Every structure is written in structure tokens, then in C-alpha cells.
Amino acid sequence: MDMETYVPEEHIIQSEKDENLINEQEDIELVDKSFKSITSYDRFLKSESIPKRRHPQPSQLPDTITILKDETTNGIVYLVGTAHFSEKSQREVAEIIQMTQPDIVMVELCQSR
Numbered sequence: 003m004d005m006e007t008y009v010p011e012e013h014i015i016q017s018e019k020d021e022n023l024i025n026e027q028e029d030i031e032l033v034d035k036s037f038k039s040i041t042s043y044d045r046f047l048k049s050e051s052i053p054k055r056r057h058p059q060p061s062q063l064p065d066t067i068t069i070l071k072d073e074t075t076n077g078i079v080y081l082v083g084t085a086h087f088s089e090k091s092q093r094e095v096a097e098i099i100q101m102t103q104p105d106i107v108m109v110e111l112c113q114s115r
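If you want the working numbering, it's the 1-based position in the sequence shown plus 2.
This is the structure in C-alpha cells:
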């Protein structure tokens with residue numbers, strides 16, 4: 003006589019969740035071990051410094067740019083005027099992004115274009 007064991011579905015899901023949690027904990031332990039490469043303040047001080055970002059001079063930028071500066075954060079915004087249909091304008095925007103190396107790029111799009 004063969005008997006099947008009935009296992010409620012919610013227990014199966016819970017079991018899978020437990021297994022995923024265990025896998026996540028193992029991943030966290032691996033990540034923790036990899037962060038121990040700099041173990042002392044002295045080694046940190048001797049490590050390579052991150053170069054400061056250089057902002058281009060306004061004279062190096064095209065006339066289509068308006069530069070705005072936030073006085074509270076010293077953040078710089080490069081507002082670029084473009085002709086959406088012009089390939090030259092598109093190339094200019096790409097060059098400006100390369101020159102300024104911004105943290106964020108925001109694009110305004112118009113549905114009619």
C-alpha cells in the first residue's frame with residue numbers, strides 16, 4: 003500500500019524562502035571577507051587617492067550651454083540647448099557629456115518629436 007505524504011503548499015514556499023535566506027547569508031559572508039583588503043588606517047592612507055574631477059572652463063564649452071551653480075551644495079548644472087533633429091547638435095551633446103563627466107544626465111523629451 004503506497005501512501006503519499008501531503009505537504010501543505012505554504013510549507014513548500016517557506017522552505018524555498020529559508021533556502022534563499024541561507025544562500026543570501028552565505029553571499030553576505032563572502033562579501034564581508036572581500037572587504038577586508040584594507041585592514042588598517044595606515045594602509046588606507048597609503049592607498050591611491052581618487053583624482054578630483056576637473057570642470058572645464060566656460061570658454062572651453064559651446065555657446066549652447068548655460069552654467070548654473072547651486073550655492074548651498076556647490077553643485078554645477080550644465081544646461082544644454084539642442085536642436086533635436088540636428089546630428090551636429092546630437093554630437094555636441096555627446097562631446098559635452100564627455101567633457102563635463104556629470105554624475106547625472108537628464109533629458110527632456112517632447113512627445114511630438
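Cβ atoms here follow ideal geometry from the backbone N, Cα and C, with glycine treated the same way.
Keep in mind it's a predicted model, so treat the numbers as computed, not measured.
query: Strand pairing of Ile69, partner residues [DSSP]; result: Tyr80
query: Supposed close pair Leu81, Leu63 - CB separation, criterion 8 angstroms; result: Going by Cβ atoms, the distance from Leu81 to Leu63 rounds to 11 angstroms, so no, they are not a contact pair.
query: Glu89 and Thr66 closer than 8 angstroms at C-beta; result: no
query: Assigned exposure category for Asp34 - 16 Cβ within 10 Å defines buried; result: Residue confidence is low: Asp34 scores 49 on pLDDT, short of 50, so the model does not pin down where it sits. Its coordinate-derived value is still stated next. The residue in question, Asp34, is exposed, as its Cβ has fewer than 16 Cβ neighbours within 10 Å.
query: Bounding residues of the alpha helix (DSSP H) (the contiguous stretch that carries Gln100); result: 89 to 102
query: Which of helix, strand or coil DSSP assigns to Gln59; result: coil
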